[in-house]
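**Student:**
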Amino acid sequence: MTEPDPVFPPYFRWGVATAAYQIEGAWDADGKGPSNWDTRAHRPGGLAGGATGDVACDHYHRLAEDLDLMAGLGVGSYRFSVSWPRVQPAGRGRWNRRGLDFYDRLVDGLLARRIEPMLTVYHWDHPQAIEDAGGWADRDTASRFADYAEGLAVRYGDRVRRWITLNEPLSVMHAELTGPPGPPVRRHGLRVAHHLVLGHGLAVPRLRAHVTGAEIGISLNLAGTTPATDRPADVAAAARAEAYEDRLFLDPLLRGDFPHLDGKPVLEAGDADRAIMAAPLDFVGVNWYAPAHVAASESGVFGYTRVPVPGASTNLLGWPVVPERFGALLAWLRRTYPDLPPIQITENGYAGLDEPDGTGSVEDLPRIAYLRECLRQVRAALDAGSDIRGYHVWSLLDNLEWDHGYRPRFGLVHVDFTTLARTPKASYRWYRQFLDVQRRDGKDGLRPCFG
Ligand code: IFM
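Mapping of the sequence shown onto my numbering: position 49 corresponds to residue 59, and the numbering continues sequentially without gaps.
See the structure below:
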């Protein structure tokens with residue numbers, strides 16, 4: 011007999027997450043400017059399979075249908091991102107009214123369906139003009155970003171209470187360090203990391219100034235690191251991996267300095283910058299998919315490499331499928347950062363091939379099994395003392411998985427990228443039922459903050 015799904019406290023908020031470049035399409039519609047990702051996708055040999063975000067899920071033109079899919083699911087929270095080049099095409103100065111209007115329609119459509127918006131200011135797509143000026147390797151981008159964030163707060167702060175400054179700065183840094191050859195590739199990873207946290211810290215008070223009752227956080231991709239063996243070289247490699255990944259942003263955000271290795275910070279920042287970076291946060295967003303099992307390696311940028319988790323299967327992206335390790339990451343957070351603000355799980359998901367069967371149905375049972383176990387881990391972490399307030403499945407829709415193109419699918423809803431037809435998968439039906447149980451047993455667990 012399968013174990014029943016866990017029941018969560020009534021305050022827990024349930025949602026789904028997406029990001030602009032991965033779903034919107036309409037890459038040059040209504041005054042939108044080109045982004046770094048448009049350029050990356052359009053160059054020869056760009057993204058896998060020749061994919062681009064030109065159309066993606068065409069969410070920009072199918073907003074009402076996608077909002078109805080969320081309402082049908084029964085979620086109380088939707089995490090989305092704003093495309094910077096859609097609303098401020100040159101990355102400074104002039105705002106694009108038609109782009110801003112789109113997010114008005116999105117926010118209003120959510121509130122009308124009693125779904126609370128959670129707005130990510132930056133999920134990797136910035137105006138090409140910003141890229142041309144050096145992207146995040148240029149310190150001025152931090153100031154441009156803070157101006158942009160403030161502009162969004164002025165526009166949406168009356169209706170959007172929950173804000174995420176950056177999504178996964180670590181991934182942005184890694185793209186700099188390990189990006190494929192050809193422009194735009196630079197080797198300024200740590201400088202990029204510095205400017206990202208600085209931009210975040212500059213943005214936080216600017217958001218707070220315009221958002222009543224603001225809840226401001228940042229989404230970090232965290233793993234939970236273990237050494238491949240107990241050989242000293244692998245143990246030291248795991249400590250480096252922890253410093254350069256899991257602690258790289260948490261330490262400056264929560265402790266006011268970059269992590270130290272061998273008595274030295276992995277990245278030097280002056281006192282003034284460190285004070286800005288440590289701006290108080292209302293929550294930390296955790297994106298979790300898989301743990302990091304690492305071994306010493308001279309070819310790794312920081313002297314380590316990820317190795318397979320013994321005995322674990324892998325998903326379509328080659329990531330180990332070990333949902334039972336989610337709890338270890340949450341326990342590590344409790345131990346390492348006793349003053350950690352409340353946690354929002356801002357992403358958790360599973361990459362599959364998800365082909366429709368002969369009847370057109372997508373029976374994505376491995377995704378359901380993975381998500382169920384992750385949720386059991388989250389529930390156990392609550393019992394163990396973690397302060398976790400919400401959970402978002404990545405993702406509502408199958409979408410553009412960046413350099414990997416459209417083959418890896420993460421959605422609860424299948425998207426046929428030829429016809430753009432949406433078909434809820436078995437996981438959509440499972441999540442809907444799971445949320446029904448939460449509503450019943452948790453009484454008012456899905457009541458939005460507004461309305
Ligand atoms: O698709 C991405 C998302 O944009 C950021 N977090 C990880 C997801 C899966 O790779």
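Just so it is clear, CB atoms sit at the ideal spot from N, CA and C, and this is done for glycine as well.
Closer than 6 Å by C-beta to proline 237: which residues in its own chain qualify, once you throw out the five before and the five after it? Chain order, please.
**Tutor:** The residue given as residue 237 occupies position 227 in the sequence shown. Correct list, in chain order: Asp244, Val245, Ala248.
**Student:** Between alanine 27 and valine 372, is the Cβ-Cβ spacing less than 9 Å?
**Tutor:** Position 17 of the sequence shown holds residue 27. Position 362 of the sequence shown holds residue 372. Against a cut-off of 9 Å, the Cβ pair of valine 372 and alanine 27 comes out as no contact.
**Student:** Consider the C-beta atom of asparagine 46 and the heavy atoms of the ligand IFM; say whether any pair is separated by less than 8 Å.
**Tutor:** As a working note, residue 46 is residue 36 in the sequence shown. False, no ligand heavy atom lies under 8 Å from that Cβ.
**Student:** Compute the distance between the beta-carbons of asparagine 177 and tyrosine 113, then report whether it is under 9 Å.
**Tutor:** In the sequence shown, the residue the question calls residue 177 occupies position 167. In the sequence shown, the residue the question calls residue 113 occupies position 103. No. Outside cutoff.
**Student:** Between isoleucine 355 and tryptophan 440, which are expected to be in contact by the criterion C-beta below 8 Å, what is the C-beta distance as a whole number of angstroms?
**Tutor:** Counting from 1 along the sequence shown, the entry for residue 355 is found at position 345. Counting from 1 along the sequence shown, the entry for residue 440 is found at position 430. With 8 Å as the limit, isoleucine 355 and tryptophan 440 do not qualify as a contact, their Cβ atoms being about 17 Å apart.
**Student:** Using a threshold of 9 Å, state whether the C-beta atoms of aspartate 135 and aspartate 48 are closer than that.
**Tutor:** For this step, residue 135 is matched to residue 125 along the sequence shown. For this step, residue 48 is matched to residue 38 along the sequence shown. Closer than 9 Å, so yes.
**Student:** Tell me whether the beta-carbon of arginine 109 lies closer than 9 Å to the beta-carbon of glycine 41.
**Tutor:** Numbered from its first residue, the sequence shown carries residue 109 at position 99. Numbered from its first residue, the sequence shown carries residue 41 at position 31. Looking at the sequence provided, one finds glycine at residue 109 rather than arginine. Yes. Within cutoff.
**Student:** Taking the beta carbon of lysine 274 as the centre, do at least 16 other beta carbons fall within 10 Å, making it buried, or is it exposed?
**Tutor:** By 1-based counting over the sequence shown, the position of residue 274 is 264. It is exposed - the Cβ of lysine 274 has fewer than 16 other Cβ atoms within 10 Å.
**Student:** To the nearest angstrom, report how far apart valine 276 and histidine 184 are at their CA atoms.
**Tutor:** Within the sequence shown, the letter at position 266 stands for residue 276. Within the sequence shown, the letter at position 174 stands for residue 184. Taking the straight line from one Cα to the other gives about 15 Å.
**Student:** Looking only at C-alpha atoms, which of Leu343, Asp426, His414 sits nearest to alanine 391?
**Tutor:** Taking the first residue of the sequence shown as position 1, residue 391 is located at position 381. Considering only alpha carbons, the answer is Leu343.
**Student:** With glycine 362 and asparagine 325 assumed to form a contact (beta carbons below 8 Å), what rounded beta-carbon distance in angstroms separates them?
**Tutor:** In the sequence shown, counting from the first residue as 1, residue 362 sits at position 352. In the sequence shown, counting from the first residue as 1, residue 325 sits at position 315. Rounded, the Cβ-Cβ distance is 7 Å, consistent with contact.
**Student:** Secondary structure at alanine 288, three-state DSSP: helix, strand or coil?
**Tutor:** Locating residue 288 in the sequence shown gives position 278, counting from the first residue. DSSP places alanine 288 in coil when its eight states are reduced to three.
**Student:** Could I get the ranges of all uninterrupted beta strand (DSSP E) runs contained in the stretch 167-231, with 3 residues as the minimum, in chain order?
**Tutor:** List check, beta strand (DSSP E) in window: 172-177, 225-231.
**Student:** Specify whether the stretch 313-322 and the stretch 44-60 touch according to this definition: at least 3 beta carbon pairs, one from each stretch, less than 8 Å apart.
**Tutor:** Touching, no.
**Student:** Say yes only if the C-beta of histidine 133 is nearer than 8 Å to one or more non-hydrogen atoms of the ligand IFM, and no if none qualify.
**Tutor:** Locating residue 133 in the sequence shown gives position 123, where the first residue counts as 1. Histidine 133 Cβ: within cutoff of the ligand IFM.
**Student:** Tell me whether alanine 36, by its Cβ, gets closer than 8 Å to a heavy atom of the ligand IFM.
**Tutor:** Here the question's residue 36 lines up with position 26 in the sequence shown. Because no heavy atom of the ligand IFM lies under 8 Å away, the Cβ of alanine 36 does not count as near it: no.
**Student:** Closer than 8 Å: is that where the CB of asparagine 325 sits relative to any heavy atom of the ligand IFM?
**Tutor:** Locating residue 325 in the sequence shown gives position 315, counting from the first residue. Every heavy atom of the ligand IFM is 8 Å or more from the Cβ of asparagine 325, so no.
**Student:** Flag this pair as yes or no: are the beta carbons of phenylalanine 444 and glutamate 383 separated by less than 9 Å?
**Tutor:** Counting from one through the sequence shown, the residue named residue 444 turns up at place 434. Counting from one through the sequence shown, the residue named residue 383 turns up at place 373. For phenylalanine 444 and glutamate 383, no; Cβs fall outside 9 Å.
**Student:** Within 8 Å: the Cβ of tryptophan 342 and any heavy atom of the ligand FAD?
**Tutor:** No copy of the ligand FAD appears in this structure; the ligands present are the ligand IFM.
**Student:** Please name the residue or residues paired with threonine 49 in a DSSP beta bridge.
**Tutor:** Residue numbering aside, residue 49 sits at position 39 when the sequence shown is read from its first letter. Threonine 49 pairs with nothing; no bridge assigned.
**Student:** Between alanine 66 and isoleucine 33, which are expected to be in contact by the criterion C-beta below 8 Å, what is the C-beta distance as a whole number of angstroms?
**Tutor:** The residue you call residue 66 lines up with position 56 of the sequence shown. The residue you call residue 33 lines up with position 23 of the sequence shown. Between isoleucine 33 and alanine 66 the Cβ distance is about 5 Å, and since that is below 8 Å, they are a contact.
**Student:** By the 10 Å Cβ neighbour count, where 16 or more other Cβ atoms means buried, how is serine 309 classified, buried or exposed?
**Tutor:** Translated into positions along the sequence shown, residue 309 becomes position 299. Classification of serine 309: exposed, given that the 10 Å Cβ count is below 16.
**Student:** Would you decide whether glycine 145 is buried or exposed? Buried here means 16 or more other CB atoms lie within 10 Å of its CB.
**Tutor:** In the sequence shown, the residue the question calls residue 145 occupies position 135. Glycine 145 should be labelled buried.
**Student:** Would you list the residues sitting across from isoleucine 353 in a DSSP beta bridge?
**Tutor:** One-based indexing of the sequence shown puts residue 353 at position 343. Val294, Ile398.
**Student:** If contacts are defined as beta-carbon pairs under 8 Å, then proline 271 and arginine 250 qualify, I think. What distance do you get, rounded to the angstrom?
**Tutor:** For this step, residue 271 is matched to residue 261 along the sequence shown. For this step, residue 250 is matched to residue 240 along the sequence shown. In the sequence on display, residue 271 carries leucine and not proline. So it is a contact: roughly 6 Å between Cβ atoms.
**Student:** Grab me the residues of aspartate 68's own chain with a C-beta within less than 6 Å of its C-beta, minus the 5 sequence neighbours each way, in chain order.
**Tutor:** Looking up residue 68 in the sequence shown gives position 58. Cβ neighbours of aspartate 68 beyond the five flanking positions: Gly35, Leu430.
**Student:** Determine the closest residue to alanine 279 out of Arg345, Leu83, Phe259, Phe293, with distance taken between C-alpha atoms.
**Tutor:** Against the sequence shown, residue 279 aligns to sequence position 269. That would be Phe259, whose Cα lies nearest to the Cα of alanine 279.
**Student:** Does the stretch 293-308 come within contact of the stretch 196-216, defined as at least 3 CB pairs closer than 8 Å?
**Tutor:** Taking 8 Å as the limit for Cβ pairs, the verdict is that the stretch 196-216 does not touch the stretch 293-308.
**Student:** Among Arg257, Gly328, Thr235, whose alpha-carbon lies nearest the alpha-carbon of alanine 306?
**Tutor:** Locating residue 306 in the sequence shown gives position 296, counting from the first residue. Taking only the C-alpha atoms, the option nearest alanine 306 is Thr235.
**Student:** Over what stretch of residues does the beta strand (DSSP E) that includes alanine 390 continue unbroken?
**Tutor:** If you number the sequence shown from 1, residue 390 lands on position 380. No beta strand (DSSP E) holds alanine 390; the alpha helix (DSSP H) holding it covers 375-393.
**Student:** Where does valine 164 sit, in a helix, a strand or coil, going by DSSP?
**Tutor:** For the purposes of this step, residue 164 is identified with residue 154 of the sequence shown, where counting begins at 1. Residue state, collapsed to three classes: helix.
**Student:** How would you label glycine 25, buried or exposed, when you count the other beta carbons within 10 angstroms and need 16 or more for buried?
**Tutor:** Translated into the one-based positions of the sequence shown, residue 25 becomes position 15. Glycine 25 should be labelled buried.
**Student:** So does glycine 507 have its beta carbon nearer than 8 Å to some heavy atom of the ligand IFM?
**Tutor:** Here the chain has residues from 11 to 461 only, and residue 507 is not among them.
**Student:** State yes or no: is the C-beta of tyrosine 314 nearer than 8 Å to some heavy atom of the ligand IFM?
**Tutor:** Here residue 314 refers to the residue found at position 304 of the sequence shown. Because no heavy atom of the ligand IFM lies under 8 Å away, the Cβ of tyrosine 314 does not count as near it: no.
**Student:** Could you give the DSSP three-state label for threonine 239: helix, strand or coil?
**Tutor:** Here the question's residue 239 lines up with position 229 in the sequence shown. In this structure, threonine 239 counts as coil in the three-state DSSP scheme.
**Student:** What distance in whole Å lies between the Cβ atoms of alanine 288 and arginine 216, which are believed to be in contact at a cut-off of 8 Å?
**Tutor:** By one-based count along the sequence shown, residue 216 stands at place 206. By one-based count along the sequence shown, residue 288 stands at place 278. Between alanine 288 and arginine 216 the Cβ distance is about 16 Å, and since that is not below 8 Å, they are no contact.
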